[in-house]
Amino acid sequence: MIEIRNLYKAFNNLPVLNNVSTIFQKGNTNLIIGQSGSGKTVFMKCLVGLHEPDEGGIYYDNLNFTKLSSRERSQVRKKIGMLFQGSALFDSLNVEENVIFPLEMFNKDMTKKEKLERAHFCLDRVNIHNANHLYPAEISGGMKKRVAIARAIANKPEYLFCDEPNSGLDPATAIVIDNLIREITKEFEITTVINTHDMNSVMEIGDHVVFLYKGELWWEGTSEQILTSGNKEVEEFVYASELMRKLKTN
Amino acid sequence: MILFIKLFKESALFAWGSVVSNKLRTLLTLLGITIGIFAIISVFSVVDALERQIRTSISSLGDNVIYIQKWPWEFSQDFAWWKYMNRPSPRPSELDEIFRRTNILESAVFTASTNRTVEYFNRSIEQVNILSVSQDYDKVRSFEIDAGRFISLTESGSGRNVAVIGSKIASQLFENDNPIGNIIKIFGRNIEVIGVFAPEGDDTFGNNHDEMIVLPLNFVNSFIDVSSDRYGPVILAKGKENFSNDELTDELRGVMRSIRKIKPAAEDDFALNQTSLLSRQFDGLFAILKIAGWIIGGFSILVGGFGIANIMFVSVKERTTIIGIQKALGAKNFFILIQFLSEAVLLSLMGGSIGLLLVFGGTFIASQLFDMDLLIQMKNVLLGVNVSVIIGLVAGFIPAWSAAHLNPVDAIRANT
Chain A
383 MIEIRNLYKA
393 FNNLPVLNNV
403 STIFQKGNTN
413 LIIGQSGSGK
423 TVFMKCLVGL
433 HEPDEGGIYY
443 DNLNFTKLSS
453 RERSQVRKKI
463 GMLFQGSALF
473 DSLNVEENVI
483 FPLEMFNKDM
493 TKKEKLERAH
503 FCLDRVNIHN
513 ANHLYPAEIS
523 GGMKKRVAIA
533 RAIANKPEYL
543 FCDEPNSGLD
553 PATAIVIDNL
563 IREITKEFEI
573 TTVINTHDMN
583 SVMEIGDHVV
593 FLYKGELWWE
603 GTSEQILTSG
613 NKEVEEFVYA
623 SELMRKLKTN
Chain B
3 MILFIKLFKE
13 SALFAWGSVV
23 SNKLRTLLTL
33 LGITIGIFAI
43 ISVFSVVDAL
53 ERQIRTSISS
63 LGDNVIYIQK
73 WPWEFSQDFA
83 WWKYMNRPSP
93 RPSELDEIFR
103 RTNILESAVF
113 TASTNRTVEY
123 FNRSIEQVNI
133 LSVSQDYDKV
143 RSFEIDAGRF
153 ISLTESGSGR
163 NVAVIGSKIA
173 SQLFENDNPI
183 GNIIKIFGRN
193 IEVIGVFAPE
203 GDDTFGNNHD
213 EMIVLPLNFV
223 NSFIDVSSDR
233 YGPVILAKGK
243 ENFSNDELTD
253 ELRGVMRSIR
263 KIKPAAEDDF
273 ALNQTSLLSR
283 QFDGLFAILK
293 IAGWIIGGFS
303 ILVGGFGIAN
313 IMFVSVKERT
323 TIIGIQKALG
333 AKNFFILIQF
343 LSEAVLLSLM
353 GGSIGLLLVF
363 GGTFIASQLF
373 DMDLLIQMKN
383 VLLGVNVSVI
393 IGLVAGFIPA
403 WSAAHLNPVD
413 AIRANT
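Chains A and B are the protein sequences, given in the same order. For what it's worth, the numbering used here labels the leading residue of the first sequence as 383, then goes sequentially. For what it's worth, the numbering used here labels the leading residue of the second sequence as 3, then goes sequentially.
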């Protein structure tokens, strides 16, 4: 569980996040949504410690992350998996080696065999078979994303942060990836936080949806509740597309 | 470790990609290192070849031989040449006294030299170096006889008109004939050839027997004054085994002073020279040449180092995102630092290797064109490689350090 209390962050005295408080529950897919410039990215970066909040606290299972020393933070970071926008695989490493990378960095006490077994397990879990020795340039965008997920869960993370996980993917593959993230979240009891603006993802896997508007937490609820939020700004965001408007009318 | 090698490979591939895509930029970057390594290693190789040649020549004079002469080989800045002018030259009689009075002397020889025309029937050679030697010359100087024999004790003592001639003299004078037993004419006198020296090859000081004729001192002394300054008289003294040159010098100094009856407070009127004096003088010359090589190459390397630092800063800038991802996935600062340092070293090594290849090519061509014994020694190759590595490390450190300490937010920003 990650609890955010009264988070405040400003750049050049301009508040980007203002008094944001919420709880991301374990085993849930928590989605941060909002328009461009709403503060989603800064919020996500504050959560993983890439930005220091000016005020407020971020509690990883009751441990205030903002007050930890860099050594203590690194212990928490070991429990964090990250899925970057655009997969961000290392081109010179093959699929298997990409997955082993965080194990090499964080698990000095694991044997080579154990690391290999773990990598194979993660790749199997994301349905990558017989492609362990292929290089990123040799696999499709959807496969790259799945390898990136395997890499993100290699260290058995307790928390998983995904930044625009299905950007650049076709709708069908995007749904596969969304569902994969949700399955993994449930199966391994991970606290997953996803930064997205894709309404398909919201509707598909949004156990808990946080809507940011001008740096403030404007609304939060489930994917079902978001359709009937009654909040003007949320509805503008949700029904921005013609498809969603037609669905609403029907 | 394998992963590190793979990531190093990524660095290397990136560096290679940079080389291929920015040929001119890379060429200009590496040019400084290439020229620097080329300058240093070529100077060192030439100096080594020169040094090898000179040291071989010096050692042919005899490492453990003391030369008793009028003039010293080593001069100081306040050299009072007029004092040396008035010194007496060594005399053959002094050689006998030296033999009589010393204890640690193994052998000694008196030599005097001059240039004369040598004739054999209608053939003649002008300005041949004629060396007159007392007995035991073969015990002090090392040489080999190709045909015939060296001057015997009896011939030396009785001053017989015999000669041992150099290989070049033999081939010029006798062509295909056998010189042994034939009569040549020097000083207007008939002299029988009894031996031919084995070829020795070129020598820096011209100190070989190839173009020389050796005659018994007692023979020559019967018609010229071998003690005269114009014949460069020298007594060569060789100490017994287990006695150092210093011990022999000390004893010879005492003996010579007593022979010449020099008062205790008076200065020596002779010089005791040894080959180490020559070596010492050349040591200084070689050191200066090497420093010159460092200075010439050093400036190029300095410029090359700045070039590498510049290209590395560009590399860090271009790979900011990948650095951020690596850090986010747990890569430590040291890991990033090593990656970029490796890349800088790789670039520097490329420049250095091109420089070394140029030296290889240059020495090969110079050896062929000028008949020089130019070889690139392994120590010089290692020096070139080490200098390249050090320059790579120094030039790449600040860019690598800045990459390793990049703020992850800045590093990942390009990706989010």
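Heads up, the beta-carbon is just placed ideally off N, CA and C, and yes, glycines get one too.
Min CB distance residue i to chain A below 8 angstroms
i                      : result
residue 418 of chain B : Below a pLDDT of 50, predicted positions are generally treated as unreliable, and residue 418 of chain B, at 39, falls in that range; the measurement from the model is reported next regardless. Yes, residue 418 of chain B counts as interfacial toward chain A.
residue 39 of chain B  : no
residue 327 of chain B : yes
residue 403 of chain B : no
residue 7 of chain B   : no
Chain A residues whose Cβ lies nearer than 8 angstroms to that of residue i
i                      : result
residue 331 of chain B : 464, 483, 484, 487 and 533
First and last residue of the uninterrupted beta strand (DSSP E) at residue i
i                      : result
residue 607 of chain A : Here residue 607 of chain A belongs to no beta strand (DSSP E); instead the alpha helix (DSSP H) covers 605-608.
residue 365 of chain B : Residue 365 of chain B -> not in any beta strand (DSSP E); alpha helix (DSSP H) instead, spanning 335-372.
residue 93 of chain B  : Looking at the DSSP string, residue 93 of chain B is not in any beta strand (DSSP E), and its letter there is neither H nor E.
residue 397 of chain A : 396-406
residue 119 of chain B : 107-122
residue 463 of chain A : 462-465
residue 517 of chain A : Premise fails: residue 517 of chain A is in no beta strand (DSSP E) and is neither H nor E.
residue 594 of chain A : 590-595
Short Cβ contact (8 angstroms threshold) for residue i with residue j
i                      : j                      : result
residue 584 of chain A : residue 557 of chain A : no
residue 465 of chain A : residue 554 of chain A : no
residue 197 of chain B : residue 152 of chain B : yes
residue 92 of chain B  : residue 237 of chain B : yes
residue 513 of chain A : residue 536 of chain A : no
residue 105 of chain B : residue 241 of chain B : no
residue 590 of chain A : residue 410 of chain A : yes
residue 216 of chain B : residue 122 of chain B : no
residue 82 of chain B  : residue 228 of chain B : no
residue 173 of chain B : residue 148 of chain B : no
residue 189 of chain B : residue 118 of chain B : yes
residue 394 of chain B : residue 39 of chain B  : no
residue 549 of chain A : residue 468 of chain A : yes
residue 472 of chain A : residue 575 of chain A : no
residue 89 of chain B  : residue 248 of chain B : no
residue 251 of chain B : residue 68 of chain B  : yes
residue 164 of chain B : residue 218 of chain B : yes
residue 376 of chain B : residue 368 of chain B : yes
residue 598 of chain A : residue 394 of chain A : no
residue 75 of chain B  : residue 280 of chain B : yes
residue 595 of chain A : residue 615 of chain A : yes
residue 504 of chain A : residue 481 of chain A : yes
residue 539 of chain A : residue 630 of chain A : no
residue 402 of chain B : residue 487 of chain A : no
Extent of the continuous alpha helix (DSSP H) run through residue i
i                      : result
residue 433 of chain A : Neither: residue 433 of chain A is in no alpha helix (DSSP H) and is coded neither H nor E.
residue 417 of chain A : Counting along the chain, residue 417 of chain A falls outside any alpha helix (DSSP H), and DSSP gives it neither H nor E.
residue 173 of chain B : 169-176
residue 394 of chain B : 380-406
residue 505 of chain A : 494-507
Neighbour flag for residue i against chain B, beta carbons, 8 angstroms
i                      : result
residue 470 of chain A : yes
residue 612 of chain A : no
Heavy atom of the ligand NAP within 7 angstroms of residue i beta-carbon
i                      : result
residue 321 of chain B : Judged by which ligands are present, the structure shown has none, so any question about the ligand NAP falls away.
Note to self: List, from N- to C-terminal side, the beta strand (DSSP E) runs of 3 residues or more that fit wholly inside the stretch 198-253 of chain B.
What the structure shows: 214-218 and 236-241
Item checked: Complete runs of the alpha helix (DSSP H) confined to the stretch 519-560 of chain A [at least 4 residues] -> 523-535
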